[in-house]
Amino acid sequence: MPLSQQDILHIARLARIRMSESEAETARGQLNSIFGLIEQMQAVDTKGVEPMSHALDVAQRLREDMVTESDLRDKFQAIAPAVENGLYLVPKVIE
Numbered sequence: 010m011p012l013s014q015q016d017i018l019h020i021a022r023l024a025r026i027r028m029s030e031s032e033a034e035t036a037r038g039q040l041n042s043i044f045g046l047i048e049q050m051q052a053v054d055t056k057g058v059e060p061m062s063h064a065l066d067v068a069q070r071l072r073e074d075m076v077t078e079s080d081l082r083d084k085f086q087a088i089a090p091a092v093e094n095g096l097y098l099v100p101k102v103i104e
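The opening position of the sequence shown corresponds to residue 10 in this note's numbering, with each subsequent residue numbered one higher.
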């Protein structure tokens, strides 16, 4: 279903996009091209094709979940201007 010039202008108005006639014509050509490609892809028979999450059959390498950095929380909070119950206190910025 190709889009008309009025369809493009209507969509642009709904999206609050100001478009000239020439810009709308360019967008119409591009969108109709995209819709044509979608129609071609929908015409392909995919019965028996198992859905996949990636084009290649790859697995992500995993590493052991372990702490690699030391806990410096007390050191950082010692130099903070204001701390209470382990939380940094900051000035109120929103009224």
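Cβ coordinates follow ideal geometry from the N, Cα and C atoms, glycine included.
What is the C-beta distance between residue i and residue j, in whole angstroms, given that I count them as a contact (C-beta under 8 Å)?
i, j, result
"residue 91", "residue 81", "Incorrect: roughly 18 Å between the Cβ atoms, too far for contact."
"residue 40", "residue 12", "6 Å"
"residue 28", "residue 21", "4 Å"
Alpha carbon to alpha carbon, what distance is there between residue j and residue i?
i, j, result
"residue 49", "residue 95", "59 Å"
"residue 100", "residue 72", "40 Å"
"residue 38", "residue 55", "28 Å"
"residue 68", "residue 51", "29 Å"
"residue 93", "residue 74", "31 Å"
Between which two residues does the alpha helix (DSSP H) holding residue i run?
i, result
"residue 87", "82 to 87"
Less than 6 Å between the CB of residue i and some heavy atom of the ligand GDP, yes or no?
i, result
"residue 41", "Within the structure as shown, the ligand GDP is missing, as the structure has no ligands at all."
>> Threshold first: 3 residues or longer. Then list the beta strand (DSSP E) segments lying entirely within the segment 13 to 65, N to C.
In response: The segment 13 to 65 is shown to contain no whole beta strand (DSSP E) run of 3 or more residues.
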